DNA sequence: GTCGCCAATCGTCGATAGACGATAAATGTG
DNA sequence: CACATTTATCGTCTATCGACGATTGGCGAC
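Chains as they are written, first to last, in this note's numbering: chain G, 1175 to 1281; chain L, 1175 to 1281.
As structure tokens, then:
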């Protein structure tokens, strides 16, 4: 159980910044790929946004694949499952697991 | 929506450390109050543990009330609801909310 | 009243995060 | 081939985090 603590903490750390939350919301609201639009949406420097994207990608929360001259970012919600499960454990001490994942991640 | 980003980020930051996750698990597993036992359970210095407790309390994730010579800490799951809701939004883009809390927290 | 225990706070240190500008790499276009 | 565009990376600076020892404060015991 202790081994997963680091993993969960890393996931939580990825969410522990307003700019990254904004980016995730933006990715959620955007159907397809999205590139430099993120920069002006969050109002930070391009290098800063790129750094946040790198952190999110390192945490596995998003995936980025190069498509031509730009990079396509997409959400990877499966990475947040351990964190969601942990929070669920805390918020629902009586009901063990309220919802099981219907798809197994095979990264 | 942007105003809640800071709040969610703070909650996530409270979870973004293995030691704090351990403390939360310990509080979850311990029915009643718990005091200095946390110190030896996490294996850190007393001042360090106290600092983590302060951070968790500042984030609203736990509550601490003085009961005699020791302090009684308890979980406050309601503080994590915004974060859980945000994660739920990401993990289930198609199904809005997968599970509603069957009990309302009245801290 | 004095002592001992437990928790909180203070001060300090090293490590890390976050922001930025500047620069480099990759790719499609003329 | 040269150019423009887009993204990633580098270097630097400041701010914050995390850990610790030492000290202080509160409260019960004696």
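Positions of the beta carbon are idealized from the N, C-alpha and C atoms, including for glycine.
Since this is a predicted model, take the numbers as computed values, not measurements.
Asked	Found
Would you decide whether residue 1244/G is buried or exposed? Buried here means 16 or more other CB atoms lie within 10 Å of its CB.	exposed
For residue 1265/L, decide whether its Cβ has a neighbour in chain G, counting only Cβ atoms nearer than 9 Å.	yes
Under 9 Å between the Cβ atoms of residue 1203/L and residue 1235/L?	no
Residue 1214/G CB to nearest chain L CB: under 9 Å?	no
Go through its chain and collect everything with a Cβ distance to residue 1254/G's Cβ below 7 Å, but skip five positions before and after it.	1185 and 1235
Judging by CA-CA distance, which residue of 1181/G, 1219/G and 1212/G is the nearest neighbour of residue 1195/G?	1212/G
Put residue 1258/L into one of helix, strand or coil per three-state DSSP.	helix
My output table needs one value for residue 1129/L: the three-state DSSP class, helix, strand or coil.	Look at the range of chain L in this structure, 1175 to 1281, and you will see that residue 1129/L is not part of it.
Using the rule of at least 16 other Cβ atoms within 10 Å of the residue's Cβ for burial, across every protein chain shown, is residue 1240/G buried or exposed?	exposed
By the 10 Å Cβ neighbour count, where 16 or more other Cβ atoms means buried, how is residue 1217/G classified, buried or exposed?	exposed
Residue range of the alpha helix (DSSP H) that residue 1230/L falls in?	1220–1232
Please return the same chain residues whose Cβ sits closer than 8 Å to the Cβ of residue 1220/G, not counting the five positions on each side in sequence.	1210 and 1213
Put residue 1204/G into one of helix, strand or coil per three-state DSSP.	coil
Within 10 Å of its beta-carbon, does residue 1262/L have 16 or more other beta-carbons around it, so buried, or fewer, so exposed?	buried
What residue does the alpha helix (DSSP H) around residue 1215/G start on, and which one ends it?	1211–1216
Are residue 1230/G and residue 1197/G close, meaning C-beta to C-beta below 9 Å?	yes
Between residue 1282/L and chain G, is there a C-beta pair that is closer than 9 Å?	It is not possible to answer for residue 1282/L, since the shown part of chain L is limited to 1175 through 1281.
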